[in-house]
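Asker: Numbering-wise, the sequence shown is residues 14 to 372 according to this note's numbering.
C-beta atoms are modelled at their ideal positions from N, C-alpha and C, and glycine is treated no differently.
Here's a structure for you.
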Amino acid sequence: MEPSLPPLGSRSAPDVHRAGAGARFAFAILAVLALYAVDLVCVLAAPEAASDLMRAVAVPFDLMVCAPAAFYLIVLRRFGLSPALVLPVVALGGAASAALAPVGRPSLHLPLAAAALALEAAIVVREGRKVARAYRAAKVASSRPNDWFAAALGVLVRSERIARLGADELAAEWYLVRSWGRTPDIPPGCRAFSQHRRSGHAALVGTIVAVMLVETAAVHLLMARWSAPAACALTALSLYACAILVGDARATALSPLLVDDRALTVRWGARFCERIPLDAVRSVGSSEPGEDAPKSERLSLAAMGARPCWIELSRPVPVRTAFGGVRAIRWLCVGPDDPDAFARAALEARDALATPVPA
């Protein structure tokens with residue numbers, strides 16, 4: 014299996030980030046919020062008799078039918094996005110209309126809620142099948158959880174950047190839950206070089222997690238004096254961050270650097286995996302870039318405490334950043350446990366690629 018799939022951007026599906034998409038999305042959100050605001054003002058300003066009628070009929074219809082329909086027509090249908098993305102708008106409208114519904118009187122909220130549940134079930138089944146097919150196909154083609162989740166999320170959002178960001182988060186969770194007892198991911202024909210043993214990366218992550226747990230307990234006790242819900246929310250977020258750090262450390266342990274006959278596969282944690290063509294490799298060693306080397310063209314992936322190994326490229330190579338963007342680099346720092354062996358293997362593979370095969 015290949016270490017990574019072709020980029021999602023190679024598909025023909027429309028991209029949310031095309032020209033004017035941001036403005037159209039903002040307009041849809043403003044239209045939905047305007048319906049909420051108009052209904053709320055009318056309910057508060059209308060006489061009591063009219064207010065009950067509005068809360069029983071007009072508000073549920075506006076918030077559970079008109080607002081989701083506007084969002085679907087302006088954004089989802091226009092850009093070919095999954096109908097599943099309208100479900101949060103329907104749910105929010107249902108919750109708001111339920112809170113405003115008159116007590117003890119007939120309301121349009123109940124039949125609309127039943128219809129919304131049926132619609133949601135149909136959308137979930139339909140889109141769930143597409144997501145499952147994309148996930149299974151990606152799992153056959155790639156050994157990386159990031160690619161599995163990116164393919165599945167790509168069915169819903171059609172944006173490579175958003176899909177990759179979500180996939181990175183899900184991959185860290187996968188490594189946290191499913192990676193225990195698994196062997197490192199080493200595709201056939203590749204030489205692997207670990208990068209987590211001599212650097213003490215696991216010890217560093219353990220120390221950070223321990224400190225975060227102590228700080229979380231202290232912040233929880235402090236915040237609980239003012240707001241118990243806020244304290245619980247901050248504690249949950251901190252515990253989730255600790256869990257993600259552990260998952261990312263597991264990903265680093267199971268994702269060594271790879272050298273094959275065509276490229277170097279540089280991986281770090283659950284969020285970075287790029288194939289660097291061997292014909293773009295100029296040198297591999299401990300020499301750092303000169304002061305004239307632009308910082309924007311450098312990228313360091315070496316763990317704290319690791320012996321740095323710099324890969325200098327003969328031309329800029331685009332790589333994905335942690336936030337889903339693309340950046341061209343010419344110097345890449347990694348931290349293999351045995352940098353000399355890694356450098357030797359990389360240069361030997363490069364020279365073998367450049368050497369013509371005798372007829």
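1. Answer yes or no: do threonine 248 and valine 232 have a C-beta to C-beta separation smaller than 9 Å?
2. Arginine 191: buried (16+ other C-beta within 10 angstroms of its C-beta) or exposed?
3. In three-state DSSP terms, what is valine 224?
4. Could you name the residues of the same chain whose beta carbon sits closer than 6 Å to that of alanine 147, not counting the 5 residues immediately before and after it, in chain order?
5. Exposed or buried, which one is cysteine 286 when buried takes at least 16 other CB atoms within 10 Å?
6. Just reading off the beta strand (DSSP E) that cysteine 346 is part of, what are its end residues?
7. Using 8 Å as the Cβ pair cut-off and three pairs as the minimum, do the segment 288 to 295 and the segment 320 to 335 touch?
8. Within the same chain, show all residues whose beta-carbon is closer than 8 Å to that of glutamate 310, passing over the 5 residues directly before and after it, in chain order.
9. I'd like the span of the alpha helix (DSSP H) that includes valine 168, first residue to last.
10. Can you give the Cα-Cα distance for arginine 90 and leucine 98, rounded to whole angstroms?
11. What is the DSSP secondary structure of aspartate 353, counted as helix, strand or coil?
12. Could you tell me if valine 29 is buried or exposed, where buried requires 16 or more neighbouring beta carbons within 10 angstroms of its beta carbon?
13. Between Tyr188, Phe92, Pro269 and Ala335, which has its C-alpha nearest serine 349's C-alpha?
14. Can we say the segment 61 to 81 touches the segment 115 to 128, given the rule of at least three CB pairs closer than 8 Å?
15. Mind checking whether alanine 180 and aspartate 160 have CB atoms under 9 Å apart?
Answerer: According to the structure data:
1. Here the question's residue 248 lines up with position 235 in the sequence shown. Here the question's residue 232 lines up with position 219 in the sequence shown. Cβ atoms of threonine 248 and valine 232: closer than 9 Å.
2. Translated into the one-based positions of the sequence shown, residue 191 becomes position 178. Classification for arginine 191: exposed.
3. Counting from one through the sequence shown, the residue named residue 224 turns up at place 211. It is helical.
4. Numbered from 1 along the sequence shown, position 134 holds the residue referred to as residue 147. Ala164, Ala165 and Val168.
5. As a working note, residue 286 is residue 273 in the sequence shown. Cysteine 286 is buried by the Cβ-count criterion.
6. For this step, residue 346 is matched to residue 333 along the sequence shown. Per DSSP, cysteine 346 belongs to the beta strand (DSSP E) from 339 to 347.
7. Yes, the segment 288 to 295 is in contact with the segment 320 to 335.
8. Within the sequence shown, the letter at position 297 stands for residue 310. Non-local beta-carbon contacts of glutamate 310 in its own chain, meaning distances under 8 Å to residues more than five positions away in sequence, involve Pro329, Ala341, Ile342, Arg343 and Trp344 in chain order.
9. For the purposes of this step, residue 168 is identified with residue 155 of the sequence shown, where counting begins at 1. Per DSSP, valine 168 belongs to the alpha helix (DSSP H) from 158 to 170.
10. Stepping through the sequence shown from its first residue, residue 90 is reached at position 77. Stepping through the sequence shown from its first residue, residue 98 is reached at position 85. One C-alpha to the other measures close to 11 Å.
11. Mapped onto the sequence shown, residue 353 falls at position 340. Correct three-state label for aspartate 353: helix.
12. The count along the sequence shown starts at 1 and reaches residue 29 at position 16. With a pLDDT of 41 at valine 29, under the threshold of 50, the predicted position of this residue should be treated as unreliable, and no value is reported.
13. Mapped onto the sequence shown, residue 349 falls at position 336. Serine is not the amino acid found at residue 349; the sequence shown has proline there. Nearest option by C-alpha distance: Pro269.
14. These segments touch.
15. To locate residue 180, count along the sequence shown from 1; it is residue 167. To locate residue 160, count along the sequence shown from 1; it is residue 147. In contact: alanine 180 and aspartate 160 (Cβ atoms closer than 9 Å).
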